[in-house]
Amino acid sequence: MLLLALLLGSCSSDEDPGAPPAAAVLEADADVELPSDVVVPEPEEVLVDMAVVEDSSEAVANQFVDFADKLRRRDFTAARRWLSPEFVGDALAGMPVQEEETLPLGARRVSYDVGAAEVVRRSGFLDSLSARLAEWEHVEAVVWKVKGAEFALEFPAWGRVRTQITLLGSSGDGGPRSVVAWAWVRVDNVAGSWRIAALELTSLEELARDRFLFTDVATSAGVAHSGIRFGQPGNQSFAWNGAAAGDVDGDGLWDLFVPSAPRNFLYLGRSGDLEGAVSAFFEDEAEERGVSRPAGGTGAVFLDFDNDGDQDLFLADVGWRGGGNPLRLWRNDGKGFFAEVGKELGFGDPCDGYSLVAFDAEQDGWVDLFVCNYGRVSVQPNDSWIQATNGTPNRFYRNLEGKGFRECAAERGLVDTDWSYAAAAADFDLDGDQDLYVANDYGRNQLWINDGQGRFEEAAAAMGVQDLGNGMGCAWGDLDGDGALDLYVSNMSSTAGNRILSRLKTKDDTWSYLKKLAAGNSIFLADAGRENGGFRLCPPEMGGIGGSWAWSPSLFDLDLDGRLDVYCCSGFVTGNTPADT
């Protein structure tokens, strides 16, 4: 019980909850003999109680968050608390270059010879971090991730932790900088708090460019509205997702619709002459144009449903509480002014829609609409974490030649009760019609193959793209340049989940399912060698899948080298402290 208390215990000060005792700042570095190199040993006998091990891992991970926050602020005096006075480790600066590589658009990658790193004590280690960041004007983030951990079955309690250290920021000349290091770390439990006692570097790599590819101009462009912080009064829901872009007033400039609360925004593109140069900016005219309310919504999309030459606006809305909000359709009058006509045109059903996909399913020249319906967790939670089947059925609305819509998902074969989050349409099999891939949360995804008449058959298993996971997004594109469409799928991933599952001795089907749920994003390449075509899953070592808590991906040629790159939104906030993100 004493060992358990030490493993689970934590101690805090009034100054900094989660930090080791304040007196630790006054401790001098121990006068210990420095080894020629640092090796963090494996425990000879390890704890096997999974609950205790994972609680200890989480306690270490949370203290790493607090430690990293001090490093981000370059408060190295406060950061000393997290390092043992007996600390011995590899310095993070001053080692020789092992390899340099020039990347597209002027980026440079430098790998360092960590085997030649100087072995230092606590002060020397913090000095090396200071030196590493000395030329940085701004430190955007410091992240210490616990990727694996094992704890010794002995007293005092200690553990061996596999960690990834990431530094993000910008240099004095304005260019982006990043450092990623991998290390083995020994942590000791001292008076209920975990301290780093040793650090053995296994790799360190730095990326740099002379300037950022993109500059945030939201404020100067007029689109920098900030809503109520999640969790504060007035914003208890994260279900306002996405935006839609289109030319609503026919002036040749992009406009932007953003659902929000207590009202929506419609930013109209404008251009002007500023000191002899053409400038572009936006002006919000949601009130004047008729789309400011009802507020909120998800999966907005502009499309010309009635083929009259202007962009109409469609919007789903989870509603979050109650029984779902109606699907909305704002019809454009041709001059960029809108009237809400969803109910009278057959598009006003209450839904739990998270996203919309517009495509001409039956090739009749009229754009149809598919609604990815989720579920209502507050009313009825998902009935399984591996294959939930109690979601709201998806909807398919056939376009009645611009006169309205008729819901006919069942007769078109699009029948399911999964928790659908996003979808993407494309003619992946090159037979002349649009097929549909659907990413589902809490289970397997679906690939609906179009028969050419707007009727669908589910074939994800046969095509090799079921991709069990927490599906959040998907995108089609030719990723390997062979002329065939490949598939990128974004899923949630879990560092803690991978840590826990790696410790389980039983590797049955359930273990495999859970391992996939924690794995992250997936890349499926079209595989002509498969019977009846289909796809093959790229192995993790090929990269491109580490999206953390991933959402919507986009595929485009960012560096203009003729190859598609991946941009994937990531992140989630569950509370008010760094440890809760």
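The numbering of the sequence shown is this note's numbering, which starts it at 961 and goes up by one. A virtual CB, placed ideally from N, CA and C, is assigned to each residue, including glycine.
Next on the checklist: Using C-beta distances below 6 Å, list every residue in its chain close to residue 1532, excluding the 5 sequence neighbours before and after it, in chain order.
Outcome noted: Sequence-distant partners of residue 1532 (beyond 5 residues in either direction) whose C-beta falls short of 6 Å from its own C-beta, in its chain, are 1509.
Next on the checklist: With three or more C-beta pairs closer than 8 Å as the rule, is the region 1268-1277 touching the region 1335-1344?
Outcome noted: Not touching, per the Cβ criterion.
Item to check | Selection from 1162, 1137, 1025 that minimises the alpha carbon distance to residue 1077 | outcome: By alpha-carbon distance to residue 1077, the top candidate from 1162, 1137, 1025 is 1162.
Item to check | Residues sharing a beta bridge with residue 1332, DSSP | outcome: Beta-bridge annotation (DSSP): residue 1332 is paired with 1315.
Checklist entry - Starting from residue 1107 and walking both ways along the beta strand (DSSP E), at which residues does that stretch end? => result 1096-1111 is the extent of the beta strand (DSSP E) around residue 1107.
Checklist entry - Which runs of the beta strand (DSSP E), 3 residues or longer, sit entirely within the region 1439-1491? => result Complete beta strand (DSSP E) runs here, min 3: 1446-1451, 1482-1486.
Checklist entry - Three or more beta-carbon pairs under 8 Å between the region 1008-1023 and the region 1094-1110, yes or no? => result Segments in contact, yes.
Checklist entry - Under 7 Å between the Cβ atoms of residue 1307 and residue 1365? => result In this structure, the beta-carbon distance from residue 1307 to residue 1365 falls below 7 Å.
Item to check | Residue of 1202, 1268, 1298, 1229 minimising C-alpha distance to residue 1253 | outcome: When each option's Cα is compared against that of residue 1253, the closest is 1298.
Checklist entry - Between which two residues does the beta strand (DSSP E) harbouring residue 1061 extend? => result First-last of the beta strand (DSSP E) with residue 1061: 1057-1062.
Checklist entry - Buried or exposed: which applies to residue 1516, given that a residue is buried once 16 or more other Cβ atoms fall within 10 Å of its Cβ? => result Counting every other CB atom within 10 Å of its CB across the protein chains shown gives residue 1516 a total below 16, marking it as exposed.
Checklist entry - Since residue 1532 is in the alpha helix (DSSP H), which residue starts that stretch and which ends it? => result Run containing residue 1532: none; DSSP gives neither H nor E here.
Next on the checklist: What does the Cβ neighbour count give for residue 1100, buried or exposed, with the cut at 16 atoms within 10 Å?
Outcome noted: Label assigned to residue 1100: exposed.
Next on the checklist: Tell me the DSSP secondary structure of residue 1126 in three-state form.
Outcome noted: Three-state result, residue 1126: strand.
Next on the checklist: For the pair the region 1073-1089 and the region 1048-1058, tell me if three or more CB-CB distances fall below 8 Å.
Outcome noted: Contact holds: three or more Cβ-Cβ distances are below 8 Å.
Next on the checklist: Determine whether the beta carbon atoms of residue 1328 and residue 1358 lie at a separation below 7 Å.
Outcome noted: Yes, these two residues count as a Cβ contact at 7 Å.
Next on the checklist: So the candidates are 1229, 1117, 1130, 1302; which of them puts its Cα closest to the Cα of residue 1007?
Outcome noted: Among 1229, 1117, 1130, 1302, the Cα nearest to that of residue 1007 belongs to 1117.
Item to check | Neighbourhood of residue 1062 by C-beta distance below 7 Å, restricted to the same chain and skipping five residues each side | outcome: So the qualifying residues of the chain are 1068.
Item to check | Sequence-distant residues of the same chain with beta carbon closer than 7 Å to residue 965, five excluded per side | outcome: The pLDDT assigned to residue 965 is 34, lower than 50, so where the model puts this residue is not dependable; a value taken from the coordinates is nonetheless given after this. There are no such residues.
Checklist entry - In angstroms, rounded to a whole number, what distance separates the CA positions of residue 1033 and residue 1156? => result Straight-line Cα distance between these residues: approximately 19 Å.
Next on the checklist: Counting beta carbon pairs with one atom in the region 1204-1214 and one in the region 1174-1191, are three or more of them shorter than 8 Å?
Outcome noted: With the cut-off at 8 Å, the region 1174-1191 and the region 1204-1214 do not touch.
Item to check | Sub-7 Å separation of residue 1164 and residue 1079 beta-carbons | outcome: Between residue 1164 and residue 1079, the C-beta gap is not smaller than 7 Å, which leaves the two residues out of contact.
Item to check | Where residue 1158 falls, given that 16 or more other Cβ within 10 Å makes a residue buried | outcome: It counts as buried.
Checklist entry - So what does DSSP say about residue 1523, is it helix, strand or coil? => result Correct three-state label for residue 1523: coil.
Next on the checklist: DSSP has residue 1145 in a bridge; who is on the other side?
Outcome noted: Listed as beta-bridge partners of residue 1145 by DSSP are 1121, 1159.
Next on the checklist: Do residue 1154 and residue 1145 count as a contact pair if the criterion is CB distance below 7 Å?
Outcome noted: No, the Cβ-Cβ distance between residue 1145 and residue 1154 is not below 7 Å.
Next on the checklist: Check whether the region 1406-1417 and the region 1451-1459 touch, using three or more Cβ-Cβ pairs below 8 Å as the test.
Outcome noted: Counting Cβ pairs under 8 Å, fewer than three are found: no touch.
Next on the checklist: Could you tell me the alpha carbon to alpha carbon distance between residue 1255 and residue 1331, rounded to whole angstroms?
Outcome noted: The straight-line gap separating the alpha-carbon atoms of residue 1255 and residue 1331 is approximately 19 Å.
Checklist entry - Between residue 1367 and residue 1355, is the Cβ-Cβ spacing less than 7 Å? => result A contact, by the Cβ cut-off of 7 Å.
Checklist entry - Taking the DSSP output, what are the residues bridged to residue 1167? => result Listed as beta-bridge partners of residue 1167 by DSSP are 1069, 1138.
Next on the checklist: Using C-beta distances below 7 Å, list every residue in its chain close to residue 1473, excluding the 5 sequence neighbours before and after it, in chain order.
Outcome noted: Excluding positions up to five away in sequence, the list reads 1346, 1428.
Checklist entry - Can you tell me the Cα-Cα spacing of residue 1431 and residue 1177, whole angstroms? => result Counting only the Cα atoms, residue 1177 lies some 31 Å from residue 1431.
Checklist entry - On the three-state DSSP scale, how would you describe residue 1046? => result Looking at residue 1046 - three-state DSSP - the assignment turns out to be strand.
Next on the checklist: Can you tell me whether residue 1400 is helix, strand or coil according to DSSP?
Outcome noted: Residue state, collapsed to three classes: strand.
Checklist entry - Cα separation between residue 996 and residue 1160? => result Roughly 12 Å between the two C-alpha positions.
Item to check | Buried versus exposed call for residue 1522 [16 or more other C-beta atoms within 10 Å across all chains shown] | outcome: Result: exposed.
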